[in-house]
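Numbering (this note's numbering), first residue to last: 292 to 554.
Backbone N, C-alpha and C fix where the C-beta goes; we use that ideal spot for every residue, glycine too.
On a predicted model such as this, the values are computed, not experimentally measured, just so you know.
Scroll down for the structure; my scribbles are underneath it.
Below you can see the structure in the form of structure tokens.
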């Protein structure tokens, strides 16, 4: 005949499944990615020894200052992200927890995602070139633009590519640099018509920009609130919706003679 359990023993026995469930929740993979500030690259210069923007068929100008595209780094689509990782990311000031589908919407395998990101980058470069040449009224001229940026995928460098082409061909329109000699960073997709689109991860990209010396950050207007939420000290936000608006804002900032949008 079994003896009756004491109250303490009963509590211990009942607690075992709860502890097991909690342990499983902590260790189980979750559908999130943990992201942090990534690399930046000056589209007016070289990246890993290769010129990012090369223009032929039209005279180009020497530039000063920098136009830095920004990125984020996220745990891979096949990475094991646990509840502990998610909690750490939520409380860390230099990390963000994002739904995995928002970071990797194109598929489950690493190869699928790499192919998708490469395709998006190629399409973004084509759109950036068309937007810049159309802005400069060179769309029907024999001007060729080559854009090369190793180990970076996706469409979020589109705006900075377009600005780089404009700066190399026309500068501020009156012989000076579009950057005014500053280190300007930013993010945003670009359409062939010059429309700037949102990208995500802007609060991490502002940190990457400031880390690498930027004092001005161009942000899609729709993401102003996200960019302001954890804005690094010393970084000025300029919201943009079009390539023309971005150029006008940088020219006004340089010359100090016109209004400059702010978030």
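Beta bridge pairing from DSSP links residue 508 with 476 and 528.
In this structure the stretch 403–420 does not lie against the stretch 463–473, because fewer than three pairs of beta carbons, one per stretch, are closer than 8 Å.
Shown here, residue 411 sits in a helix according to DSSP, grouped into three states. Inter-residue distance for residue 476 and residue 388 is about 23 Å (C-alpha atoms, whole angstroms).
By the CB criterion at 9 Å, residue 386 and residue 326 fall inside the cutoff.
Residue pairing by DSSP places residue 488 opposite 480 in a beta bridge.
For the set 341, 346, 349 and 362, the Cα lying nearest the Cα of residue 502 is the one of 362.
In the same chain as residue 542, and ignoring 5 residues on each side of it, the C-beta atoms closer than 8 Å to its own belong to 463, 464, 469 and 549, in chain order. Of the residues 341, 347, 522 and 430, the one whose Cα lies closest to the Cα of residue 499 is 522. For residue 547, the number of other beta carbons within 10 angstroms of its own is below 16, and it is reported as exposed. Distance check between residue 366 and each of 335, 551 and 328 places 328 closest, using alpha-carbon atoms only. For residue 451, the enclosing alpha helix (DSSP H) has its first and last residue at 449–460.
By the CB criterion at 9 Å, residue 451 and residue 360 fall inside the cutoff.
Collapsing the DSSP output to three states places residue 514 in a helix.
For residue 503, the three-state secondary structure derived from DSSP is coil.
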